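*Asks:* Chains as they are written, first to last, in this note's numbering: chain A, 1 to 169; chain B, 1001 to 1169.
2 protein chains.
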Amino acid sequence: MSESDALSDSELEVWRAFYVMRRRLDRALDLQFQRDSGLSASEYEVLFALNDAPNRQLRSRDIAAGIGWEKSRVSHLVSRMERRGLVARAECETDARGSWIGLTPDGRRAVLRAIGGHLAAVRRYFFDALEPEDAERLLRLSGRVVDAIGCAADEDAPAGDTALHGDAA
Amino acid sequence: MSESDALSDSELEVWRAFYVMRRRLDRALDLQFQRDSGLSASEYEVLFALNDAPNRQLRSRDIAAGIGWEKSRVSHLVSRMERRGLVARAECETDARGSWIGLTPDGRRAVLRAIGGHLAAVRRYFFDALEPEDAERLLRLSGRVVDAIGCAADEDAPAGDTALHGDAA
DNA sequence: ACTCAGTAGTTGATACATCAACCAATGGGG
DNA sequence: CCCCATTGGTTGATGTATCAACTACTGAGT
């Protein structure tokens, strides 16, 4: 990795603006979630995945692989959500190690209530600010950046975490 | 505030790709920091700001305003960094409430060591993956998104947090 | 000079993410 | 059949971010 290849002033400006935008966007969406549905963005991701799953339940490892999280993050978050009655754990018949994470009626209500507001916020905060060509460029740009990170990470740690490349929509 | 304005399939695709990219980028940069300099991204931000300040010291409120953080976040982080010997607090002569946060020799060494690797990572992970036109578009796009968020937030909370609009480079 | 609203900063509670260590069950190769 | 590396999941420690409550000080208006 070459040292001393600093960024130009204009690159620094772009990077700074992009950085601030990302932070503000995350924050705005978090606040919107909290205000409108009492969920955090992470909780929404889990509930959303469960809501789309057959029987409205998933194995913990499948949540982790689908969203690209560590298993321990899922476990902790599910514990908190279970305490709040949004999800429930159930034993797994076919594999005594595992357990199913299922959506409760409360959880289903919460996620259904949240979806509309979230999509509206994404439109309002993000897509409404885009010019037509921006979206397509951003799609390709995102792919290239993810590739660059994947390759760079592979150089350092040959055992790849390929699960993170998976789509999770 | 219109409800029921869902996103089209292609918009969802763009959003998902952009989302994954942001997460992976943050993660990659965090890992790079940790591996190369033992700092977190937050610690780097503080040390970097201090390193550029007159006398290599800043008031806590100025760190907060500059980076766009809450004062409590600064206080907690500075406490941890003080424990590790990266910064030191000193009394403020002109305002008995406040205190100066100053860079220690260790802190200065740490940030100098970190800067090169960080900029190289930003280049490698991000700018190398951009096409020439991307950068300029992204700059304008970021500004428009930040504006959209600012306006939207104002609708809900008329008392604006204008500090967050400030530049922090 | 006094009051008091606002400012500077700290602290504790809670939530969240990561890491490492752990336990229990699985299942393939000997 | 048994061993054992692997897998699925939990747990506790640590670091981190946010919020609300608090103390101490400041400075403007009277």
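The C-beta atom is built at its ideal place from N, Cα and C for all residues, glycine as well. These numbers were taken from a predicted model, which means no experiment stands behind them.
From the DSSP output, read off the bridge partner residues of S99 (chain A).
*Replies:* A:E91
*Asks:* In terms of residue numbering, what span does the beta strand (DSSP E) encompassing L1086 (chain B) cover?
*Replies:* Careful: L1086 (chain B) lies outside any beta strand (DSSP E) and carries neither H nor E.
*Asks:* Please report whether the beta-carbon of A1041 (chain B) lies at a distance below 8 Å from any beta-carbon of chain A.
*Replies:* For A1041 (chain B), the closest Cβ of chain A is not nearer than 8 Å.
*Asks:* Chain B partners of D134 (chain A), CB-CB under 7 Å?
*Replies:* Result: R1137, L1141.
*Asks:* Terminal residues of the continuous beta strand (DSSP E) containing L58 (chain A)?
*Replies:* 57-59
*Asks:* Which full runs of the beta strand (DSSP E) of 3+ residues lie inside the segment 12-81 of chain A, going along the chain?
*Replies:* With a minimum length of 3 residues, the continuous beta strand (DSSP E) runs that stay inside the segment 12-81 of chain A are 57-59.
*Asks:* Counting only Cβ pairs nearer than 7 Å, list the residues of chain A close to V1122 (chain B).
*Replies:* Under a criterion of Cβ atoms nearer than 7 Å, the residues of chain A adjacent to V1122 (chain B) are, in order, L7, W15.
*Asks:* By the three-class DSSP mapping on this structure, what secondary structure does A1006 (chain B) have?
*Replies:* coil
*Asks:* Grab me the residues of V74 (chain A)'s own chain with a C-beta within less than 7 Å of its C-beta, minus the 5 sequence neighbours each way, in chain order.
*Replies:* S60, I63, A64
*Asks:* Could you tell me which chain A residues have their CB closer than 8 Å to the CB of L1025 (chain B), listed as they occur along the chain?
*Replies:* V145, I149
*Asks:* What would DSSP say about L138 (chain A), mapped onto helix, strand or coil?
*Replies:* Collapsing the DSSP output to three states places L138 (chain A) in a helix.
*Asks:* Quick check: does the Cβ of E13 (chain A) come within less than 7 Å of any heavy atom belonging to the ligand FAD?
*Replies:* Ligands are entirely absent from the displayed structure, and the ligand FAD is therefore not among its contents.
*Asks:* Once the 5 residues before and after L1007 (chain B) are set aside, which same chain residues still bring their CB inside 8 Å of it?
*Replies:* W1015
*Asks:* Kindly give me the distance between the Cβ atoms of A1114 (chain B) and S1037 (chain B), rounded to whole angstroms, as I take these residues to be in contact under 8 Å.
*Replies:* That belief holds up - the Cβ atoms of A1114 (chain B) and S1037 (chain B) are roughly 4 Å apart, short of 8 Å.
*Asks:* In terms of residues, what are the limits of the alpha helix (DSSP H) holding A129 (chain A)?
*Replies:* Note, A129 (chain A): premise wrong, no alpha helix (DSSP H); not H, not E.
*Asks:* If I'm right that A1148 (chain B) touches Y125 (chain A) with Cβ under 8 Å, what's the distance once you round it to whole angstroms?
*Replies:* 5 Å
*Asks:* Please identify the residue among A:G85, A:A49, A:A41 whose C-alpha is closest to the C-alpha of D30 (chain A).
*Replies:* The shortest Cα separation from D30 (chain A) among A:G85, A:A49, A:A41 belongs to A:A41.
*Asks:* In angstroms, rounded to a whole number, what distance separates the CA positions of R178 (chain A) and E1070 (chain B)?
*Replies:* Any answer about residue 178 (chain A) is impossible in this case: the structure gives chain A only from 1 up to 169.
*Asks:* Hey, is F48 (chain A)'s beta-carbon within less than 8 Å of any beta-carbon in chain B?
*Replies:* no
*Asks:* Check the C-beta distance from R109 (chain A) over to N51 (chain A) and give it rounded, since I have them as a contact under 8 Å.
*Replies:* At roughly 11 Å, the Cβ-Cβ gap does not stay under 8 Å, so R109 (chain A) and N51 (chain A) are not in contact.
*Asks:* Compute the Euclidean distance between the alpha carbons of M81 (chain A) and P54 (chain A), then round it to the nearest angstrom.
*Replies:* 20 Å
*Asks:* Compute the distance between the beta-carbons of L47 (chain A) and V111 (chain A), then report whether it is under 8 Å.
*Replies:* yes
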